[in-house]
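Trainee:
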Amino acid sequence: YQRRVRGEEPTGILSITLPVMTEDLKIKNERLKAFYAQQLEKKEDPKDLDSKSFSPNLFLRDLLSKQSLSQLIKFDGDLLKDIKYLDSNMKTLVYDNYNKFISASDTIRKMKSNIENMESEMSRLASNIEKISKSSDKISDTLQAKREKIEQLSGVHQLLQKLEFLVELPRTIKQAVDMEAYSNAVKYY
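In the working numbering, the protein residues as written are 57 to 245.
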């Protein structure tokens, strides 16, 4: 493609008109760049439970130094609820995926059985088609001589019909003249 500046005519087959960057768009663009740069530069916190670099010792030391006993007990209860919730979700996922796996396995087994049956039926069909083809060739060969004889007789029959018309023509013209149907007599002639 070719970049096209406003006011210029396109020079290529495919032209794209790019919008002019206003100050507002430039500011928004810079903010987006800064936001995503921060996301990329964000380092893993060893005290964050969801972090890949989680350190239980640092987390526990920090928790014990900053929390009171009642806060620790509440945090323990919340943590146990979260663990039970996550455990329940994991069991559900495992169960659902296990059922899907069993179902897929059964489907594959049925498909394999159907394909094996189909292969035997296809080979049987191929042998039947071969037998039919051979029988058709034999019948065609047997009837070829008779077909030629029939074509010859058909040609003779057409010639006989024309000859019969010519033999009957004088009598047909005489009858038309006797009946004073002169236009028919001329037509037959």
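Each residue gets a CB set at the ideal place from its N, CA and C atoms; glycine is no exception.
Among 135, 125, 176, whose alpha-carbon lies nearest the alpha-carbon of residue 105?
Mentor: Of the listed residues, the one whose Cα sits closest to residue 105 is 135.
Trainee: Determine, for residue 240, whether the minimum Cβ-Cβ distance to residues of chain D falls below 8 angstroms.
Mentor: Reference to chain D is not applicable here, since this structure consists of a single protein chain.
Trainee: Where does residue 110 fall in DSSP's three states?
Mentor: Three-state result, residue 110: coil.
Trainee: Excluding the 5 residues flanking residue 118 on each side, which residues of the same chain have their C-beta closer than 8 angstroms to its C-beta?
Mentor: Contacts found: 103.
Trainee: How is the alpha helix (DSSP H) around residue 198 delimited, first residue to last?
Mentor: Segment 125-234, the alpha helix (DSSP H) holding residue 198.
Trainee: Can you give me the Cβ contacts of residue 232 inside the same chain, cut-off strictly under 8 angstroms, excluding the 5 residues immediately before and after it?
Mentor: Taken in chain order, the residues that qualify are 238, 240, 241, 244.
Trainee: Between residue 100 and residue 111, is the Cβ-Cβ spacing less than 8 angstroms?
Mentor: For residue 100 and residue 111, no; Cβs fall outside 8 angstroms.
Trainee: How about residue 123 and residue 115: are their beta carbons less than 8 angstroms apart?
Mentor: Taking 8 angstroms as the Cβ cut-off, residue 123 and residue 115 do not qualify as a contacting pair.
Trainee: Taking just the CA atoms, how far does residue 204 sit from residue 188?
Mentor: About 24 angstroms.
Trainee: How big is the Cα-Cα spacing for residue 194 and residue 180?
Mentor: Spanning the two alpha carbons is a distance of roughly 21 angstroms.
Trainee: Go ahead and pull the three-state DSSP assignment for residue 243.
Mentor: Correct three-state label for residue 243: helix.
Trainee: From residue 206 to residue 226, what does the alpha carbon distance come to, in whole angstroms?
Mentor: Each residue's Cα considered, the two are about 32 angstroms apart.
Trainee: For residue 79, does the three-state DSSP call read helix, strand or coil?
Mentor: Note: residue 79 maps to helix in three-state DSSP.
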